[in-house]
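Q: For what it's worth, my numbering labels the leading residue of the sequence shown as 1, then goes sequentially. Quick reminder that beta carbons are idealized off the backbone N, C-alpha and C, glycines included. Handing you a structure now.
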Amino acid sequence: GVSSLGFGEIWHFFEQQIKYPVTVLDTEYFNSVNLNKYKVLILPNGLYKKTLGKEKLVELKKWIQNGGRLIAIDRALGIFADSEEFSLSKYKDEDEKKEKEKEEKELKEKLELEAYDNLERKSISNLITGSIFKVTMDNTHPLGFGYDNSYHTLRLNSNHYAYLKKGTNVSVIKSKTDLVSGFAGGNALKNIDKSLVFGVEKMGKGAVIYLADNPLFRGFWENGKLIFCNAVFMVGQ
Numbered sequence: 001g002v003s004s005l006g007f008g009e010i011w012h013f014f015e016q017q018i019k020y021p022v023t024v025l026d027t028e029y030f031n032s033v034n035l036n037k038y039k040v041l042i043l044p045n046g047l048y049k050k051t052l053g054k055e056k057l058v059e060l061k062k063w064i065q066n067g068g069r070l071i072a073i074d075r076a077l078g079i080f081a082d083s084e085e086f087s088l089s090k091y092k093d094e095d096e097k098k099e100k101e102k103e104e105k106e107l108k109e110k111l112e113l114e115a116y117d118n119l120e121r122k123s124i125s126n127l128i129t130g131s132i133f134k135v136t137m138d139n140t141h142p143l144g145f146g147y148d149n150s151y152h153t154l155r156l157n158s159n160h161y162a163y164l165k166k167g168t169n170v171s172v173i174k175s176k177t178d179l180v181s182g183f184a185g186g187n188a189l190k191n192i193d194k195s196l197v198f199g200v201e202k203m204g205k206g207a208v209i210y211l212a213d214n215p216l217f218r219g220f221w222e223n224g225k226l227i228f229c230n231a232v233f234m235v236g237q
């Protein structure tokens, strides 16, 4: 379901910081919602497999093609990755997919045979618990409006999404050397190499805005608030 913190961050930003009215839709009845009443749909951090089935994804795509703008944040990207309706992917091609899956399998097998007193240290190598990366920013795109050619992103996980093949890669992590502060395990750093941070996929008259890192995290990440505003008010205008 939807992260209560992720939802709260967005709601607080609209109501308390920029005083802008929003409509809240519950996942319990989302499948019966007439999307044509709305121009922008924001999916906060969360898991949407139960909410967005194949039929709803097809409906979402049609709504976007007719001019709607969909903004997906953090783990919400997962429902679109490698789906038939959207071009977002975890891997750049089949070879990379096979390689990553092989690495994950080997790592899992190694952990299963690891000595108990070494398990915690080994598992930490797969984690990113809060790190700052200096990443590229395409400030010629409406999503990057107001920034210079770089951006400091707060990364809270090791999720990897390949560069968009159909769309604009507005901000990306090019390599593990982009890390400037915080802890990131060795395996996690390797996993997010050449990874999408912010991207836009045009679809007909509308667009999908992928925000792999949460620009409104806990309401304190000031550097990200302009990105969010650009996603809502600038992209597609």
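#1: In terms of residues, what are the limits of the beta strand (DSSP E) holding residue 58?
#2: Between residue 226 and the rest of its own chain, which residues show a CB-CB distance below 6 Å, the 5 nearest in sequence each way excluded?
#3: How should residue 178 be labelled, buried or exposed, when 16 other C-beta atoms within 10 angstroms of its C-beta is the threshold for buried?
#4: Residue 41 bridges to which residues according to DSSP?
#5: Which first and last residues belong to the beta strand (DSSP E) in which residue 231 is found?
#6: Could you spell out where the alpha helix (DSSP H) holding residue 9 opens and where it closes?
#7: Helix, strand or coil, according to DSSP, for residue 226 in the structure here?
#8: Checking the sheet assignment: what are the DSSP bridge partners for residue 239?
#9: Buried or exposed: which applies to residue 151, given that a residue is buried once 16 or more other Cβ atoms fall within 10 Å of its Cβ?
#10: Exposed or buried, residue 66, counting other C-beta atoms within 10 Å across all chains shown (16 or more means buried)?
#11: Closest to residue 187 by C-alpha separation, out of 206, 203 and 158, would be which residue?
#12: In the structure shown, what three-state DSSP assignment does residue 98 receive?
#13: With DSSP run on the structure shown, which of helix, strand or coil describes residue 175?
#14: Please indicate yes or no: does the CB of residue 68 lie closer than 7 Å to some heavy atom of the ligand PLP?
#15: Quick one, which of 237, 176, 220 and 207 has its alpha-carbon nearest residue 68's?
#16: Can you find the residues in the same chain that come closer than 7 Å, C-beta to C-beta, to residue 100, ignoring five residues on each side of it along the sequence?
#17: DSSP three-state label for residue 143, please.
A: In brief:
#1: No beta strand (DSSP E) contains residue 58, which is instead part of the alpha helix (DSSP H) from 54-65.
#2: 146, listed in sequence order.
#3: Buried.
#4: Answer by DSSP bridge pairing, in chain order: 70.
#5: Neither: residue 231 is in no beta strand (DSSP E) and is coded neither H nor E.
#6: 4-12 is the extent of the alpha helix (DSSP H) around residue 9.
#7: Of the three classes helix, strand and coil, the one that applies to residue 226 here is helix, per DSSP.
#8: The structure shown does not extend to residue 239, since the chain is modelled only from 1 to 237, so the question has no answer here.
#9: So residue 151 ends up on the buried side.
#10: It is exposed - the Cβ of residue 66 has fewer than 16 other Cβ atoms within 10 Å.
#11: Residue nearest to residue 187 within the set 206, 203 and 158 is 158 (criterion: CA-CA distance).
#12: The answer is helix: DSSP assigns residue 98 an H, G or I state.
#13: In the structure shown, residue 175 adopts coil according to DSSP, grouped into three states.
#14: No copy of the ligand PLP appears in this structure; indeed no ligand is present at all.
#15: Measuring from the Cα of residue 68, the nearest candidate turns out to be 207.
#16: Correct list, in chain order: 91.
#17: Of the three classes helix, strand and coil, the one that applies to residue 143 here is helix, per DSSP.
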